[in-house]
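Below: one structure, written as structure tokens.
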Amino acid sequence: MGECIEEKNAFIEIMKEIGWSPLHCMTEREDLNSIKELLAQDSNVNILDDCNRTPLSVAASKGNLELVEFLVSKGADVNQGFPLHYASEKGHFHIVNYLVKNGALTNLEKENTYPLLIAASNGDLEIVKVLTEHGADVHVVDKDKETALHWACDSGNIDLISFLIDVGCNTDIQDKFGLTPLSICLIRKENRPDLVKLLLKKGASASIPDEEGYTYLHSAEHPESLLELIKHGVNVNSQNIYQETPLYNVSFYRQIEYIECAKVLLQNGANPNIPAKGGWTPLHFAAAEGYLEYVEELLQWKADVNSVNAENIIPLHLAAYNGHLEIVKLLLENGSFIDIPVIDLPYINNNVPYLIEREAITDGLTPISLAATNGHKEVCELLAQFGAKTENAENSCVTKKINDWPQNNLLSSVRSNNLEEIESVSDVGCLEVVDLIGWTLLHHAVYNGFYDMSHLLIKKGISVNALDKYQRTPLSIAAAKNDVRMFNLLMDSGSDVNLGFVLHYAIDQESLECIHELIKYSCDINVSDKTDLETPPLLQAVSALKTKIVNILLTHKANPNCTNKHKETPLHLSCRLGDLETAQILLNHGANVNAVDSIKETPLLNAARSNNNDLVKLLLSNDADVHAKNNFDWTSLHNAAYSNSEIVALDLINAGASVNAVNDEGETPLFSAVGNVAILQTLIQHAADVNYRAPGGWTALHECTEEGNLDCVKELLKHNANVNSASAEFVLPIYIAAIGGHASIVEELLQHGSIVDPAILNIGVIRDDSGNHPLSERYHIVAGNTPLIGAASKGYLDVVKVLCLHGASLNAVNHEGNSALHEAVVNGFVEIVDFLLTLEIDLDIKNVEQKSALDLAKDQKNEELVQLISTKIR
Numbered sequence: 001m002g003e004c005i006e007e008k009n010a011f012i013e014i015m016k017e018i019g020w021s022p023l024h025c026m027t028e029r030e031d032l033n034s035i036k037e038l039l040a041q042d043s044n045v046n047i048l049d050d051c052n053r054t055p056l057s058v059a060a061s062k063g064n065l066e067l068v069e070f071l072v073s074k075g076a077d078v079n080q081g082f083p084l085h086y087a088s089e090k091g092h093f094h095i096v097n098y099l100v101k102n103g104a105l106t107n108l109e110k111e112n113t114y115p116l117l118i119a120a121s122n123g124d125l126e127i128v129k130v131l132t133e134h135g136a137d138v139h140v141v142d143k144d145k146e147t148a149l150h151w152a153c154d155s156g157n158i159d160l161i162s163f164l165i166d167v168g169c170n171t172d173i174q175d176k177f178g179l180t181p182l183s184i185c186l187i188r189k190e191n192r193p194d195l196v197k198l199l200l201k202k203g204a205s206a207s208i209p210d211e212e213g214y215t216y217l218h219s220a221e222h223p224e225s226l227l228e229l230i231k232h233g234v235n236v237n238s239q240n241i242y243q244e245t246p247l248y249n250v251s252f253y254r255q256i257e258y259i260e261c262a263k264v265l266l267q268n269g270a271n272p273n274i275p276a277k278g279g280w281t282p283l284h285f286a287a288a289e290g291y292l293e294y295v296e297e298l299l300q301w302k303a304d305v306n307s308v309n310a311e312n313i314i315p316l317h318l319a320a321y322n323g324h325l326e327i328v329k330l331l332l333e334n335g336s337f338i339d340i341p342v343i344d345l346p347y348i349n350n351n352v353p354y355l356i357e358r359e360a361i362t363d364g365l366t367p368i369s370l371a372a373t374n375g376h377k378e379v380c381e382l383l384a385q386f387g388a389k390t391e392n393a394e395n396s397c398v399t400k401k402i403n404d405w406p407q408n409n410l411l412s413s414v415r416s417n418n419l420e421e422i423e424s425v426s427d428v429g430c431l432e433v434v435d436l437i438g439w440t441l442l443h444h445a446v447y448n449g450f451y452d453m454s455h456l457l458i459k460k461g462i463s464v465n466a467l468d469k470y471q472r473t474p475l476s477i478a479a480a481k482n483d484v485r486m487f488n489l490l491m492d493s494g495s496d497v498n499l500g501f502v503l504h505y506a507i508d509q510e511s512l513e514c515i516h517e518l519i520k521y522s523c524d525i526n527v528s529d530k531t532d533l534e535t536p537p538l539l540q541a542v543s544a545l546k547t548k549i550v551n552i553l554l555t556h557k558a559n560p561n562c563t564n565k566h567k568e569t570p571l572h573l574s575c576r577l578g579d580l581e582t583a584q585i586l587l588n589h590g591a592n593v594n595a596v597d598s599i600k601e602t603p604l605l606n607a608a609r610s611n612n613n614d615l616v617k618l619l620l621s622n623d624a625d626v627h628a629k630n631n632f633d634w635t636s637l638h639n640a641a642y643s644n645s646e647i648v649a650l651d652l653i654n655a656g657a658s659v660n661a662v663n664d665e666g667e668t669p670l671f672s673a674v675g676n677v678a679i680l681q682t683l684i685q686h687a688a689d690v691n692y693r694a695p696g697g698w699t700a701l702h703e704c705t706e707e708g709n710l711d712c713v714k715e716l717l718k719h720n721a722n723v724n725s726a727s728a729e730f731v732l733p734i735y736i737a738a739i740g741g742h743a744s745i746v747e748e749l750l751q752h753g754s755i756v757d758p759a760i761l762n763i764g765v766i767r768d769d770s771g772n773h774p775l776s777e778r779y780h781i782v783a784g785n786t787p788l789i790g791a792a793s794k795g796y797l798d799v800v801k802v803l804c805l806h807g808a809s810l811n812a813v814n815h816e817g818n819s820a821l822h823e824a825v826v827n828g829f830v831e832i833v834d835f836l837l838t839l840e841i842d843l844d845i846k847n848v849e850q851k852s853a854l855d856l857a858k859d860q861k862n863e864e865l866v867q868l869i870s871t872k873i874r
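By UniProt numbering, the letter at position 94 of the sequence shown is numbered 94, and the numbering carries on one by one without gaps.
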């Protein structure tokens with residue numbers, strides 16, 4: 001009896017770490033007699049712990065109706081401590097039902113969530129029903145603006161989804177990130193077309209593009225979902241701001257299920273020849289990836305085997321470059337041109353996809369050249385058999401030379417600079433030929449620098465303002481080549497200086513002389529391109545780190561505060577890139593130091609993240625707002641801490657930055673500094689609260705132990721961080737260190753007085769604010785687990801030894817009844833089992849399934865473990 005009282009008192013003492021009263025403790029133990037004794041002694045029935053929980057909260061979480069009824073009868077407030085939230089989280093319908101019938105408020109908010117959202121996240125239809133019957137508002141939202149319907153879709157409970165729609169949930173409401181319930185089903189429940197069908201049947205709009213133009217068809221990853229959306233009128237060839245169609249999106253993937261998706265799209269009218277930004281098509285991807293079946297499918301639906309991108313690359317280039325012999329043969333048999341050369345003139349502001357290295361895009365390279373460069377001998381031989389020229393294929397042994405590039409004699413004459421041949425042409429109409437990318441004879445003459453040829457073609461009436469497929473004029477090419485003589489010829493012949501984004505091409509290729517010429521001819525210096533970012537010339541120059549051009553543009557009145565699609569200014573970009581010189585130039589020309597982009601980032605926030613101390617000083621000296629926060633409530637100091645820059649952090653602090661500012665996750669900059677002891681010291685020296693608890697009770701010490709940084713752990717402990725700081729579920733830093741395998745940190749914590757055997761509680765809303773990634777997974781939160789049980793389950797022998805050396809309980813069990821030995825056996829950690837068997841361990845402990853460690857070893861058919869344990873028993 002004395003031992004029982006002693007153990008009870010020890011538990012009460014330990015639980016003081018989270019502010020638990022004896023009444024909380026006895027409720028956790030479900031000890032009704034002790035509860036009655038405490039209340040008879042005038043214990044406060046509504047006392048709150050450090051996480052604002054009452055004994056009733058604990059009883060509700062335990063699912064003990066007798067305790068709940070008793071506490072309520074003794075005056076427990078059914079709303080204080082959020083017992084309804086905890087009952088909803090644990091799925092205790094009978095407790096939820098009792099609480100709402102006894103006055104619990106169904107729309108009480110706790111840390112950005114509500115009982116209805118919690119129940120919906122769990123997919124618990126019965127609890128959702130009783131909550132709505134008692135007035136729960138189906139329109140409440142969490143921090144990310146997600147509704148109960150969003151959460152229900154994430155749970156995948158089709159009956160719950162149907163019920164919520166029937167009681168008034170908006171099927172088309174968007175969360176903070178633009179996701180609707182239908183988006184959630186398509187992205188997170190991609191193998192549940194039944195959910196998609198239900199939402200559409202219940203009235204969800206099938207045609208809501210997001211801010212970048214993505215439709216639901218772009219997101220769908222299941223053939224049945226695609227078909228259902230098409231039936232409801234979604235345009236199968238819709239394009240986003242990157243000009244990508246749903247079929248193009250499918251082409252990024254190689255898994256067989258995506259081929260089935262492609263088939264559905266193609267069978268329902270998807271055009272395989274609609275190019276994305278830069279001219280890439282699905283066939284380019286399929287050929288590059290070597291996916292023969294998909295290439296065959298696309299060709300069956302009339303995919304253009306000679307579709308060209310802005311650099312004149314066709315699918316054959318990519319198949320040859322990557323050595324896909326069968327695909328090369330298939331493309332050739334379907335009419336692919338053989339000797340088409342690459343043109344090294346990239347489409348403005350367009351990154352080359354992963355299909356080919358940027359360095360491989362060199363003027364004049366043909367498919368056989370690319371194959372030879374990569375050593376694909378069989379591909380070279382095949383191309384030669386089909387007539388490819390071989391003089392540029394350095395490593396090829398083939399010699400057959402046949403020129404089969406798609407050109408007529410006029411194009412050939414221009415490219416060979418045969419003035420006499422062109423001069424002799426009397427029918428001007430014959431000169432209006434174009435190639436695959438829409439280049440005229442004049443484009444080719446300009447590209448090759450043939451001044452006299454260009455002059456002759458202009459004289460014969462070829463338009464100087466002809467646009468190719470990618471909106472490039474001959475003047476665009478001259479500017480990109482920095483050919484001033486050619487540039488002036490074109491201008492004197494009537495070229496439109498603002499057609500074809502000439503200034504953008506000149507900036508891209510750093511053609512300084514032509515930039516000066518363009519300005520002299522009064523080009524629009526602030527015009528945005530027509531790419532997805534809508535980038536003005538000044539932003540383009542800043543993003544490319546071309547300081548000379550930045551100076552030129554600003555000197556000629558370019559707007560220093562121009563913006564792209566995301567409201568980023570040139571100063572935002574220069575700070576993000578850590579470009580001090582350009583930032584100074586921009587500020588000298590009137591750039592707004594506190595401009596905010598579409599997510600409320602300022603230049604200072606960007607600079608702090610770039611880890612550039614001089615840049616931060618420059619901004620601060622120009623009155624940058626050190627307190628500015630972005631959409632996620634991160635400050636510049638958060639960014640500096642995250643980027644491990646103690647010097648930047650110190651400058652920000654000296655400028656007045658708050659060391660204890662809290663972001664939308666409830667974390668201070670100290671939480672972001674857990675990987676760098678120097679910045680940790682800087683923050684602590686300036687009064688950072690080392691024991692600040694984020695929502696859920698997590699501290700910087702928890703973060704440091706998870707990071708595995710012993711020096712940071714020592715620094716926090718040196719400055720009186722609470723070694724036994726506990727989360728709402730009573731997860732201590734030592735547990736995080738144990739399950740992370742950080743034996744040295746476990747030892748350090750124990751040396752500073754850490755509790756050896758803190759057991760995790762079966763209470764707490766242990767999910768993140770979106771409900772998608774429970775913290776229980778990240779931190780291996782299993783009710784009843786001790787550090788020893790956690791370490792044994794993860795296989796960390798060194799940690800197990802340290803804990804045992806410090807007296808960890810060998811026979812403690814979690815709520816599944818498993819001891820450390822059980823967990824080691826289940827997970828097959830022989831060395832840990834062997835070590836534990838050398839200690840005074842109880843081999844007769846049985847878990848809730850009445851299985852001993854030996855039973856589990858037999859169930860696992862692990863003869864080595866069976867032998868080990870059996871030997872110990874004997």
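Glycine included, each C-beta is placed from N, C-alpha and C at the ideal position.
Collapsed DSSP secondary structure at D768 in the structure displayed: For the purposes of this step, residue 768 is identified with residue 768 of the sequence shown, where counting begins at 1. Caution is warranted here: a pLDDT of 46 is assigned to D768, below 50, making its placement in the model unreliable, and no coordinate value can be reported.
Under 8 Å by Cβ, that's how I've got A303 and P272 pegged, so tell me the actual separation to the nearest angstrom. Translated into positions along the sequence shown, residue 303 becomes position 303. Translated into positions along the sequence shown, residue 272 becomes position 272. Right, their Cβ atoms sit about 4 Å apart.
Which of the three DSSP states, helix, strand or coil, is assigned to K62? Within the sequence shown, numbered from 1, the residue matching residue 62 stands at position 62. Helix at K62.
In chain order, what are the residue ranges of uninterrupted alpha helix (DSSP H) at least 4 long that sit wholly in the stretch 256-334? 256-267, 282-289, 292-300, 315-321, 325-333
Applying the criterion that 16 or more other CB atoms from any shown protein chain within 10 Å of the CB defines a buried residue, is S528 buried or exposed? Taking the sequence shown and counting its residues from 1, the one referred to as residue 528 is at position 528. Per the 10 Å Cβ criterion, buried.
DSSP on T838, reduced to helix/strand/coil? Working through the sequence shown from its first residue, we reach residue 838 at position 838. Here T838 sits in coil by DSSP.
Exposed or buried, A640, counting other C-beta atoms within 10 Å across all chains shown (16 or more means buried)? If you number the sequence shown from 1, residue 640 lands on position 640. Label assigned to A640: buried.
Pairing CB atoms from the stretch 111-121 with CB atoms from the stretch 63-81, are three or more of them under 8 Å? no
What did DSSP end up calling K110 once you bin it into helix, strand or coil? Here residue 110 is taken as the residue at index 110 of the sequence shown, counted from 1. Residue state, collapsed to three classes: strand.
Alpha carbon to alpha carbon, how far is H444 from E421? Give it in angstroms, no decimals. Start at 1 with the first residue of the sequence shown, and residue 421 comes out as number 421. Start at 1 with the first residue of the sequence shown, and residue 444 comes out as number 444. Spanning the two alpha carbons is a distance of roughly 16 Å.
Enumerate in chain order the residues of its own chain whose CB-to-CB distance from D689 is below 6 Å, with the five nearest sequence positions on each side excluded. The residue you call residue 689 lines up with position 689 of the sequence shown. In its chain, beyond the 5 residues on either side, N660 have a beta carbon closer than 6 Å to the beta carbon of D689.
Look up N630 in the DSSP assignment and say whether it is helix, strand or coil. Residue mapping note: residue 630 aligns to position 630 of the sequence shown, counting from 1. Note: N630 maps to coil in three-state DSSP.
Taking the alpha carbon of W151 as the reference point, which residue from G168, T180, I869 has its own alpha carbon closest? Translated into positions along the sequence shown, residue 151 becomes position 151. The candidate whose alpha carbon is nearest that of W151 is T180.
Can you tell me the Cα-Cα spacing of E849 and N818, whole angstroms? Translated into the one-based positions of the sequence shown, residue 849 becomes position 849. Translated into the one-based positions of the sequence shown, residue 818 becomes position 818. The alpha-carbon atoms of E849 and N818 are separated by roughly 10 Å.
Excluding the five sequence neighbours on either side, which residues of its own chain have a C-beta within less than 8 Å of the C-beta of G135, listed in chain order? For the purposes of this step, residue 135 is identified with residue 135 of the sequence shown, where counting begins at 1. Counting only Cβ-Cβ distances below 8 Å, and skipping sequence neighbours, we find T106, N107.
Coil, strand or helix - L48 by DSSP: Counted from its first residue, the sequence shown places residue 48 at position 48. If DSSP states are grouped into helix, strand and coil, L48 belongs with coil.
Can you look up K718 in the DSSP assignment and give me helix, strand or coil? Here the question's residue 718 lines up with position 718 in the sequence shown. Of the three classes helix, strand and coil, the one that applies to K718 here is helix, per DSSP.
Assuming S183 and T215 make a contact with CB atoms under 8 Å, what is their CB distance in whole Å? By one-based count along the sequence shown, residue 183 stands at place 183. By one-based count along the sequence shown, residue 215 stands at place 215. With a Cβ gap of about 10 Å, S183 and T215 do not count as contacting.
With DSSP run on the structure shown, which of helix, strand or coil describes I525? Residue numbering aside, residue 525 sits at position 525 when the sequence shown is read from its first letter. Coil.
Whether E190 touches E221 by CB criterion (8 Å): On the sequence shown, residue 190 is found 190 positions in, with the first residue counted as 1. On the sequence shown, residue 221 is found 221 positions in, with the first residue counted as 1. A contact, by the Cβ cut-off of 8 Å.
Going by other Cβ atoms of all chains shown within 10 Å of its Cβ, with 16 needed for buried, is S870 buried or exposed? Mapped onto the sequence shown, residue 870 falls at position 870. S870 should be labelled exposed.
Specify the secondary structure class of N654 as computed by DSSP and reduced to three states. Walking along the sequence shown from the start, residue 654 turns up at place 654. It is helical.
Please return the same chain residues whose Cβ sits closer than 6 Å to the Cβ of A371, not counting the five positions on each side in sequence. In the sequence shown, residue 371 corresponds to position 371, counting from 1. Cβ neighbours of A371 beyond the five flanking positions: A320, V379, C380.
Assuming E703 and G740 are in contact, meaning their beta carbons sit under 8 Å apart, how far apart are those beta carbons, in whole angstroms? Against the sequence shown, residue 703 aligns to sequence position 703. Against the sequence shown, residue 740 aligns to sequence position 740. Their Cβ separation, rounded to whole angstroms, is 12 Å, which puts E703 and G740 out of contact at 8 Å.
Assign H218 to buried or exposed, taking buried as 16 or more other Cβ atoms, counted over all protein chains shown, within 10 Å of its Cβ. For this step, residue 218 is matched to residue 218 along the sequence shown. With a 10 Å radius around the Cβ and a threshold of 16 neighbouring Cβ atoms, H218 comes out buried.
Where C430 falls, given that 16 or more other Cβ within 10 Å makes a residue buried: Reading the sequence shown from its first residue, position 430 is the one you call residue 430. Exposed: under 16 other Cβ atoms inside 10 Å.
Would you say P223 faces chain C, with C-beta separation under 8 Å as the test? Annotation note: the requested chain C is absent from the structure, which comprises a single protein chain.
Run through DSSP, which three-state label would T245 get? The sequence position of residue 245 within the sequence shown is 245, counting from 1. Coil.
My output table needs one value for A591: the three-state DSSP class, helix, strand or coil. For the purposes of this step, residue 591 is identified with residue 591 of the sequence shown, where counting begins at 1. Looking at A591 - three-state DSSP - the assignment turns out to be coil, as it is neither helix nor strand.
Which residues in the same chain have their Cβ closer than 7 Å to the Cβ of V236, if we skip the five residues on either side of it in sequence? By 1-based counting over the sequence shown, the position of residue 236 is 236. If we look at V236 and ignore the five residues flanking it on each side, its Cβ neighbours are L217, I230, P246, L265, N268, G269, A270.
Extract the residue ranges of the alpha helix (DSSP H) inside the UniProt repeat "ANK" (79-111), only unbroken runs of 4 or more that lie entirely within it. 83-90, 93-101
Within the continuous alpha helix (DSSP H) that includes L227, where are the two ends? Counting from 1 along the sequence shown, the entry for residue 227 is found at position 227. Segment 223-231, the alpha helix (DSSP H) holding L227.
Do K176 and D664 have their beta-carbon atoms positioned less than 8 Å apart in this structure? As a first step, residue 664 must be located in the sequence shown, where it is residue number 664. As a first step, residue 176 must be located in the sequence shown, where it is residue number 176. No, the Cβ-Cβ distance between D664 and K176 is not below 8 Å.
If I'm right that S754 touches I734 with Cβ under 8 Å, what's the distance once you round it to whole angstroms? Working through the sequence shown from its first residue, we reach residue 754 at position 754. Working through the sequence shown from its first residue, we reach residue 734 at position 734. Correct: roughly 5 Å between the Cβ atoms.
D124: buried (16+ other C-beta within 10 angstroms of its C-beta) or exposed? Reading the sequence shown from its first residue, position 124 is the one you call residue 124. Answer is buried; the Cβ neighbour count reaches 16.
Could you name the residues of the same chain whose beta carbon sits closer than 6 Å to that of L587, not counting the 5 residues immediately before and after it, in chain order? The sequence position of residue 587 within the sequence shown is 587, counting from 1. Within the same chain, L587 has close Cβ partners N622.
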